[in-house]
Amino acid sequence: MVLIEAIIKPFKLDDVKDALEELGAGGMTFTEVLHSGQPRHKGRSFGDTSRDVDLAPKIKVEIAVPDHLAERIVEAICVHGTAGRNEDGKIIVQELNGAVRIRTGELDADALS
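Read in order, the letters of the sequence shown are residues 3 to 115 in this note's numbering.
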């Protein structure tokens with residue numbers, strides 16, 4: 003099993019979600035986040051810090067999938083999550099040690115379906 007985390011532009015959310023659903027992926031989590039990329043110019047002050055940071059609104063996609071689906075999920079995010087511009091986002095794939103469905107106690111791959 004793997005955990006796939008992707009940072010995408012907000013306007014690509016529906017395209018990515020639809021593509022993942024077509025692959026049979028379920029149990030996706032989408033979170034609004036602020037992303038700090040490579041600084042190119044002075045940004046705004048954040049909180050009470052004296053540092054300037056560039057923050058852009060993004061969507062974080064999280065999905066745990068069996069190993070055999072991972073490559074297709076990553077490819078779908080790449081195809082449907084790009085706008086062909088800088089800062090399109092990133093994808094991180096991590097090995098997942100386990101999963102538990104809280105309601106039933108099902109473990110690992112059974113908890114993901």
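Virtual Cβ for every residue (Gly too), placed ideally from N, Cα, C.
A quick note: this is a predicted structure, and the numbers were derived from the prediction, not measured.
Problem - Distance between beta carbons of Ala21 and Val67, contact taken as under 8 Å - result: Here residue 67 is taken as the residue at index 65 of the sequence shown, counted from 1. Here residue 21 is taken as the residue at index 19 of the sequence shown, counted from 1. Contact flag wrong, Cβ pair sits at about 14 Å.
Exercise for the section: Drop a sphere of 10 angstroms on the beta-carbon of Val81, count the other beta-carbons inside from all chains shown, and report buried for 16 or more, exposed for fewer. Expected result: If you number the sequence shown from 1, residue 81 lands on position 79. Per the 10 Å Cβ criterion, exposed.
Handout entry: Sequence-distant residues of the same chain with beta carbon closer than 6 Å to Lys14, five excluded per side
Key = Taking the sequence shown and counting its residues from 1, one reaches residue 14 at position 12. So the qualifying residues of the chain are Gly83.
Practice task
Let me know the secondary structure DSSP gives Gly19 once reduced to three states.
Solution key: Locating residue 19 in the sequence shown gives position 17, where the first residue counts as 1. This sequence places Lys at residue 19; Gly is not what is there. Residue state, collapsed to three classes: helix.
Exercise for the section: Evaluate Gly91 with the Cβ neighbour count: other Cβ atoms within 10 Å of its Cβ, from every protein chain shown; 16 or more gives buried, anything less gives exposed. Expected result: Residue numbering aside, residue 91 sits at position 89 when the sequence shown is read from its first letter. Result: buried.
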